[in-house]
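Everything below concerns the one structure shown next.
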Amino acid sequence: MPEETPKHSVSVAGIVVDDQDRVLVIKRRDNGHWEPPGGVLELGETFEEGVKREVLEETGVHVEVQRLTGVYKNMKRGIVALVFRCRALVSNDATQTNEATRVRWILPSVVVDLMDEAYSIRILDAFGENIPVRVHDGTSLIKSRQHSGDGSLGSEK
């Protein structure tokens, strides 16, 4: 019997930054975890369209997508996330939605205490210059399988 091709989902997330360098985060309704807004990319949707849609659906905030800030793979669930830094067009529009029980603007310095490492690193990476490629188990980074943060996929660290 032929081996089945592995299946992966592609998701997008927005690290939304306002004019005070605060970051928009949500408390997910389905699992109660704090994370940047994001979700599965729909068929026929560009990355930018997906980020704008997900951020709006989960927070009520309209954004301008600025740049890719990282690529992250959940090794347990087979989800590849492309994360983009975004600028909030109006930062006071954030509101609770069907997908989030809470929506907050926070300083990047508190993300490590607020959320799992697999998600806090996405925010911290968005304030850096490099575009890291990282893998995680849904909660923590898998340290032995990280790639260099210079955008290359050379040797693993």
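Per the working numbering, the very first residue in the sequence shown carries number 27; after that it's consecutive.
Cβ coordinates follow ideal geometry from the N, Cα and C atoms, glycine included.
The structure presented is a predicted model; accordingly, all values stated were derived computationally and were not measured.
In DSSP terms, what residue i is bridged to
i: ALA126; result: ARG54, THR123
i: ARG111; result: ILE41, ARG93
i: ARG160; result: TYR98
i: SER35; result: ILE105
i: ILE132; result: VAL49
i: GLU61; result: ILE52
i: LEU167; result: HIS162
Residue i - containing alpha helix (DSSP H), residue span
i: VAL137; result: 137 to 140
i: ARG148; result: 143 to 152
Host beta strand (DSSP E) of residue i (start-end)
i: GLY76; result: It is not in any beta strand (DSSP E) - GLY76 instead sits in the alpha helix (DSSP H) that spans 73 to 85.
i: VAL66; result: 64 to 66
Where residue i falls, given that 16 or more other Cβ within 10 Å makes a residue buried
i: LYS183; result: Any reading at LYS183 must be qualified, since the residue scores a pLDDT of 33, below 50, and its modelled position is unreliable; the value itself is stated next. Its Cβ having fewer than 16 others within 10 Å, LYS183 is exposed.
i: SER146; result: buried
i: GLY70; result: exposed
i: LYS169; result: exposed
i: LYS33; result: exposed
i: LEU50; result: buried
i: GLU61; result: buried
Contact under 8 Å by Cβ, residue i with residue j
i: HIS59; j: ASP119; result: no
i: ARG130; j: PHE110; result: no
i: ARG113; j: GLU90; result: yes
i: ILE41; j: ARG148; result: yes
i: VAL38; j: VAL87; result: no
i: GLY104; j: GLU80; result: no
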